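Engineer: Each residue of the sequence shown is one higher than the one before, starting from 25 at the first, in the working numbering. For each residue, glycine too, the CB sits at the ideal point set by N, CA and C. Here the structure is a predicted model, which means the values were calculated and not measured. Encoded as structure tokens, here's the structure I'll be asking about.
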Amino acid sequence: MDAFYCSKKLVLIAIAYGLLLLAPSGRSLGAGPQKRFGSIISFGDSLADTGNKISFTSSQASRLPYGMNFPGGPTGRYSNGRLIVDFIAQSMGLQFLQPYPAKKDSNFSGSVNFAVAGATALNSTPSYLSMGSQLEWFKKFLPSLCNNISSCEVYIGNSLILMGEIGGNDYNGPFLDGQSKEDVEKLVPCVIKAISSAIEKLISQGAKTVVVPGNLPIGCSAAYLTKFQSRNKSDYDPKTGCLSWLNNFAQQHNTQLQEELNRLCRLHADSRVKIIYADYFNAAMKFYTDPAKFGFEKATIACCGGKGPYNYNASVPCGVKGSTVCGDPSKYVSWDGIHLTEAAYRLIANEIIMEYLHD
């Protein structure tokens, strides 16, 4: 198989399908062939959840200030506005992805989102928070999208599959509960194996283009910066103020993920399956390293939160009494200390396209 299909950046979308995203200034990025995917099928966690979590349980994401900059207000998105998946959908001329529960009782053909906040790659409790459950939802939902195995393979094959980001929550729980880096590192091979298994299942159902994002730089997260505050200056990256050891861990996950994706590429060489690693980490590190260049005034301080040095307090999360919201979320990278703002998500999406345009 051509090594192009094992690209380490999410550039295939721009190359083959001419996606078009808007820069913060409104300037369009990219042009090219107008062939597009017919739909998007999305899996993952809160970085991609467009309303699934609030179908199962109450969440601050269903209320302001979440969604304060999203058309129509709060929808269950864990940000002030659009997510990366929203920008991708818009660039393809598709509507925003609806959450799975909103679609499962209707006759419908098109994009659908199974991502749910809190989801893990490994099996979890409650069960709906596992990636395996999302795959089961998809399997049950397929009959409403296609009539037989052949038509389902065509539908899936013509769809862009977004597999994540997934895996971050497998580490968040142990880290924030105080487990050591060495203990959490033992989970990485298991998480990678679970992601790989999910990709294999989707390929067996007809998937032809699967995009798999890596982890973001968690050492720049206000939640982690608050939890692991240190007097040891050597713990921090002097350029960003991020915790170096946590970012190194995220890169450890990303390196192993890329190695596994390359293995899958070789395994499916004859079937022309495209498996693309989306480098969220390095896309984000650009604006953590030089926030002013990208229009940000605050990189590691949350826009919405419960005060403290990073405006993050696990006891006073965004949206509850006692929390505060910044005046202009577009000047912040972090939305609530865990998730990013629409402005940051937009830049990550645009960066992916620009990697191709500037080659």
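#1: Kindly list the residues whose CB is nearer than 6 Å to the CB of Y369, restricted to its own chain and excluding five residues on each side of it in sequence; keep chain order.
#2: Taking DSSP's pairing of strands, which residues face Y336 in a bridge?
#3: Do the region 198–208 and the region 312–323 make contact, defined as three or more Cβ pairs closer than 8 Å?
#4: Along the chain, where does the beta strand (DSSP E) containing A218 start, and where does it finish?
#5: Do three or more CB pairs link the region 86–103 to the region 155–170 at distances below 8 Å?
#6: Could you pull the DSSP bridge partners for K322 from this structure?
#7: For the beta strand (DSSP E) that contains V234, what are its first and last residues?
#8: Where does the unbroken beta strand (DSSP E) through F61 begin, and where does it stop?
#9: Looking at the secondary structure, which residues open and close the alpha helix (DSSP H) in which A435 lies?
#10: Using 10 angstroms around the beta-carbon of N147, count the other beta-carbons present and answer buried if the total reaches 16, otherwise exposed.
#11: Report the rounded CA-to-CA distance for F94 versus G181, giving the unit in angstroms.
#12: How about M155 and P241: are their beta carbons less than 9 Å apart?
#13: Let me know if H363 comes out buried or exposed under the rule of 16 or more other beta-carbons within 10 Å of its beta-carbon.
#14: Name, in chain order, the residues that DSSP records as bridge partners for V136.
#15: Between the Cα of P262 and those of T250, F80 and C244, spot the shortest distance and give me the residue it belongs to.
Structural biologist: If we stick to the structure as given:
#1: In the sequence shown, counting from the first residue as 1, residue 369 sits at position 345. Excluding its 5 nearest sequence neighbours in each direction, Y369 has C-beta neighbours in its own chain below 6 Å: L107 and I108, listed in chain order.
#2: As a first step, residue 336 is located in the sequence shown; it is residue number 312 there, counting from the start. Partner(s): none; Y336 has no beta bridge.
#3: Segments in contact, no.
#4: If you number the sequence shown from 1, residue 218 lands on position 194. In this chain, A218 is not harboured by any beta strand (DSSP E); it is covered by the alpha helix (DSSP H) spanning V212 to S228.
#5: Verdict: no, contact absent.
#6: Locating residue 322 in the sequence shown gives position 298, counting from the first residue. DSSP output for K322 lists Y356 as bridge partner(s).
#7: Position 210 of the sequence shown, counting from 1, holds the residue named residue 234. Note, V234: beta strand (DSSP E), T233 to P237.
#8: Here residue 61 is taken as the residue at index 37 of the sequence shown, counted from 1. DSSP places F61 in no beta strand (DSSP E); its state is neither H nor E.
#9: Nothing about residue 435 can be read from this structure; the chain reaches only from 25 to 383.
#10: Here residue 147 is taken as the residue at index 123 of the sequence shown, counted from 1. It counts as exposed.
#11: Here residue 94 is taken as the residue at index 70 of the sequence shown, counted from 1. Here residue 181 is taken as the residue at index 157 of the sequence shown, counted from 1. Going by the C-alpha atoms only, they are around 31 Å apart.
#12: Counted from its first residue, the sequence shown places residue 155 at position 131. Counted from its first residue, the sequence shown places residue 241 at position 217. In this structure, M155 keeps its C-beta atom at 9 Å or more from the C-beta atom of P241.
#13: In the sequence shown, residue 363 corresponds to position 339, counting from 1. By the neighbour-count rule (16 or more Cβ atoms within 10 Å), H363 is buried.
#14: Taking the first residue of the sequence shown as 1, we reach residue 136 at position 112. I65.
#15: Here residue 262 refers to the residue found at position 238 of the sequence shown. Answer by Cα proximity: C244.
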